[in-house]
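Visitor: Sequence lines, in order, name chains A and B. Be aware that the first sequence starts at 998, since it is given in my numbering, and climbs by one per residue. Be aware that the second sequence starts at 68, since it is given in my numbering, and climbs by one per residue.
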Amino acid sequence: MSQEQDFKKLQQRTYQSYHQDGLIDIIIGLAIIGYGLMLAFDSSVFIFMGWMPIIFYMPLKNRLTVPRIGYVKFTSSNTKIGIAAAIVLLVILLGIFIFLVAGPNNISPQLSTWLSQYYLLLLGGISALCFAGAALLTRITRFYIYALLILFTFSAGTWLGIQPPIIVIATGALIEVVGVWLLVRFLRNYPIEAAHES
Amino acid sequence: MSPNETPSEELQPISAIDPLVHSPTRLKILAYLSIVESADFTFLMHQTGLTRGNLSVNLRKLEDAGYVNIKKEFVDRTPRTLIRLTGEGRTAIQEYRNNMQVVLNELLGEKD
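1. Ordered along the chain, which non-local residues of its own chain (more than five positions away) have a Cβ less than 7 Å from that of ILE1030 of chain A?
2. Under 6 Å Cβ to Cβ from PHE108 of chain B, same chain only, skipping five residues before and after it: list those, please.
3. Is the region 94-111 of chain B touching the region 1051-1059 of chain A, taking contact as three or more C-beta pairs under 8 Å?
4. Check whether the Cβ of ARG1136 of chain A sits closer than 7 Å to any heavy atom of the ligand NAP, and report yes or no.
5. Can you tell me the Cβ-Cβ gap for GLY133 of chain B and GLU104 of chain B, rounded? I've got them flagged as a contact below 8 Å.
6. If you reduce the DSSP assignment to three classes, tell me which class SER141 of chain B lands in.
7. Checking the sheet assignment: what are the DSSP bridge partners for ILE150 of chain B?
8. Checking contacts by CB at 8 Å: is HIS89 of chain B closer than that to chain A?
9. Tell me where the beta strand (DSSP E) around PHE1071 of chain A begins and ends.
10. Could you confirm whether any beta carbon from chain A is found closer than 8 Å to the beta carbon of ALA159 of chain B?
11. Are the Cβ atoms of VAL135 of chain B and ARG119 of chain B separated by less than 8 Å?
12. If contacts are defined as beta-carbon pairs under 8 Å, then PHE1151 of chain A and SER101 of chain B qualify, I think. What distance do you get, rounded to the angstrom?
13. How big is the Cα-Cα spacing for MET68 of chain B and TYR163 of chain B?
14. Output, in sequence order along the chain, the residues in the region 93-114 of chain B whose CB is closer than 9 Å to any CB in chain A.
15. Use the C-beta contact count for THR145 of chain B: other C-beta atoms within 10 angstroms, 16 or more gives buried, fewer gives exposed.
16. If we count the other Cβ atoms within 10 Å of its Cβ and call it buried at 16 or more, is ILE1189 of chain A buried or exposed?
17. Closest to ALA106 of chain B by C-alpha separation, out of A:TYR1012, A:ASN1186, A:VAL1175 and A:TRP1111, would be which residue?
18. On a Cα-Cα basis, can you pick out the residue from A:PHE1045, A:VAL1069, A:TYR1116 and A:LEU1061 that is closest to PRO1161 of chain A?
19. Given a cut-off of 8 Å on the beta-carbon distance, is the pair TYR1187 of chain A and ARG1065 of chain A in contact?
20. Answer with buried or exposed for PHE1128 of chain A, where buried requires no fewer than 16 other C-beta atoms within 10 angstroms of its C-beta.
21. Assuming GLY1121 of chain A contacts LEU1148 of chain A (C-beta within less than 8 Å), just tell me the rounded distance between them.
22. Please go through the same chain and pick out, in chain order, the residues whose beta-carbon is closer than 7 Å to the beta-carbon of ALA83 of chain B, but skip the five residues on each side of it.
23. At the 8 Å Cβ level, is ARG144 of chain B part of the contact set with chain A, yes or no?
24. At what residues does the alpha helix (DSSP H) containing ILE1163 of chain A begin and finish?
25. Taking its Cβ as the centre, do 16 or more other Cβ atoms sit within 10 Å of VAL1181 of chain A, making it buried, or is it exposed?
26. Along chain B, in chain order, which residues have C-beta atoms closer than 8 Å to that of LEU1007 of chain A?
27. Output yes if chain B places a C-beta closer than 8 Å to the C-beta of TYR1068 of chain A; else output no.
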């Protein structure tokens, strides 16, 4: 057994502890709300609103997290995992986009009807897979809960006939609430100490 | 233990264990540093649960042995003490792990 394997659990715990601030949840929640607003108002402006917070992720991390629990640079293998996860996610999203935007003209009418009726269910399934994949790669276990939450809300919403934008916005809002709760808990648990470096 | 071996010979591998790494406090520090590329003083303090003074003393010992590299820098006019494990430190942990395995195998009578 290599040393890397020996310390894998420690590595996972350290990685989880670095993401206990809820910032990643807030960013994801806002992105989903942005997508929901885009569906509601049929305006692509909101998709930018959803992705905008990503720009603020690192500055927020440096401003809120680093002064409290310190700075860490994870090994390149962790970075590679992150890059691989991002690439997989982008490929999936691109696939969905091509399939839904360009594809329907070339597919059978039955499938096209099914897609227009249940596209939210398909989107929910793919999003849940993305969350489960991210949870598996990053070991942030609450991502599994988000995967289940998305599956539940998207399917329940489809069967109950709730408007898709409402389902998407509600799911994003739930993730947002968890993120804010985690952030508040983090800020309370780790107050900034007076500047004192040794 | 073979019939010709005395108990002191049996425990010979213990002397190969690096006392600098064997200390629980320093082992904890080295374990954390081995899973990251670099970390600052505050991060190590939170993760290991050590006090500022204790961490500082033990880091100095590890630095003197050449196991860690400590660099002080300023980020946005705030001082940051960045610590990273050296190649020597990485080897020391690996050797410690191997030696401990040998000792435990000898004591428990297990084969590799």
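All C-beta atoms, glycine included, are put in the ideal place defined by N, C-alpha and C.
Guide: The structure says:
1. Answer for ILE1030 of chain A: GLY1047, ILE1166, GLY1169, ALA1170 and GLU1173, listed in chain order.
2. Here the set comprises THR148.
3. Contact between the region 94-111 of chain B and the region 1051-1059 of chain A is absent, because fewer than three Cβ pairs lie under 8 Å.
4. The ligand content of the structure shown is nil, which means the ligand NAP is not present either.
5. Contact check for GLY133 of chain B and GLU104 of chain B: beta-carbon distance about 18 Å, past the 8 Å limit, so the pair fails to qualify.
6. This sequence places Phe at residue 141 of chain B; Ser is not what is there. PHE141 of chain B falls in the strand class under three-state DSSP.
7. The partner list for ILE150 of chain B (beta bridge, DSSP) reads B:ALA106 and B:ILE137.
8. Against chain A, the CB of HIS89 of chain B has no partner CB under 8 Å away; the residue lies outside that interface.
9. Where PHE1071 of chain A is concerned, the enclosing beta strand (DSSP E) stretches over 1069-1071.
10. So no, ALA159 of chain B is outside the interface.
11. For VAL135 of chain B and ARG119 of chain B, no; Cβs fall outside 8 Å.
12. About 42 Å separates the Cβ atoms of PHE1151 of chain A and SER101 of chain B, ruling out a contact at the 8 Å cut-off.
13. Model confidence at MET68 of chain B stands at a pLDDT of 49, short of 50, so the residue's coordinates are unreliable and nothing is read from them.
14. Residues ALA98, TYR99, SER101, ILE102, VAL103, GLU104, SER105, ALA106, ASP107, PHE108, THR109, PHE110, LEU111, MET112, HIS113 and GLN114.
15. By the neighbour-count rule (16 or more Cβ atoms within 10 Å), THR145 of chain B is not buried but exposed.
16. ILE1189 of chain A is classed as exposed because its beta carbon has fewer than 16 other beta carbons within 10 Å across all chains shown.
17. Ranking the options by Cα distance to ALA106 of chain B, first place goes to A:TYR1012.
18. Ranking A:PHE1045, A:VAL1069, A:TYR1116 and A:LEU1061 by Cα distance to PRO1161 of chain A puts A:TYR1116 first.
19. Cβ atoms of TYR1187 of chain A and ARG1065 of chain A: closer than 8 Å.
20. Buried.
21. Confirmed, about 6 Å.
22. Only ASN166 meet the Cβ criterion.
23. With 8 Å as the cut-off, ARG144 of chain B does not count as an interface residue toward chain A.
24. The continuous alpha helix (DSSP H) containing ILE1163 of chain A extends over residues 1161-1186.
25. VAL1181 of chain A is exposed by the Cβ-count criterion.
26. Those are ALA98, TYR99 and ILE102, listed as they occur along chain B.
27. TYR1068 of chain A counts as touching chain B.
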